[in-house]
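Numbering (my numbering), first residue to last: 3 to 141.
From the three backbone atoms N, C-alpha and C, an ideal C-beta is built for every residue, glycine too.
Small disclaimer: the values here were computed from a predicted structure and weren't measured.
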Ligand SMILES: [Zn+2]
């Protein structure tokens with residue numbers, strides 16, 4: 003009675019990741035958003051590092067060797083600090099999402115304000131804790 007049944011099961015629209023969030027944060031949507039952002043940042047790093055390597059070609063073999071040794075660093079070194087930091091934060095947010103700890107402040111353990119997560123999907127601390135950290139980091 004299989005009449006052209008779909009070869010793979012359609013994506014089921016239950017949201018297993020939302021259990022830990024009483025708030026109206028759709029973790030599936032957040033995850034998609036984070037993954038897209040990660041791809042974007044990685045692509046940017048990749049493009050930038052490709053440019054770098056291109057430029058380094060005519061330089062001495064010594065230099066090229068160093069570049070090869072530090073290739074991984076260069077991929078990230080090619081993008082701005084802020085992009086690198088953001089990539090790191092996106093990665094961590096994805097990890098927290100996978101661990102079911104997304105939306106929980108890493109400092110005080112309270113739920114992060116939903117509107118804050120909307121504005122900053124990779125926020126890892128609540129508004130109050132972020133403020134405190136920001137004022138501490140100011141130099
Ligand atoms: Zn907090």
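Inset, instruction - Mind checking who residue 106 pairs with in its DSSP beta bridge? - result: Bridge partners of residue 106: 113.
Legend entry - Distance, residue 43 Cα to residue 86 Cα: About 8 Å.
Inset, instruction - Would you please state the rounded distance, in angstroms, between the beta carbons of residue 40 and residue 93? I believe it to be under 8 Å. - result: The Cβ separation is near 7 Å, so the contact holds.
Legend entry - Between the CA atoms of residue 126 and residue 135 - distance to the nearest angstrom: Residue 135 and residue 126 have their C-alpha atoms roughly 12 Å apart.
Inset, instruction - Express the C-alpha separation of residue 102 and residue 113 in angstroms, rounding to a whole number. - result: Using only the alpha carbons, I get a separation of about 12 Å.
Inset, instruction - Would you mind sorting residue 105 into buried or exposed? The rule is 16 or more other CB atoms within 10 Å of its CB. - result: Residue 105 comes out buried.
Legend entry - Alpha-carbon spacing of residue 116 relative to residue 49, whole angstroms: So the two alpha carbons sit approximately 34 Å from each other.
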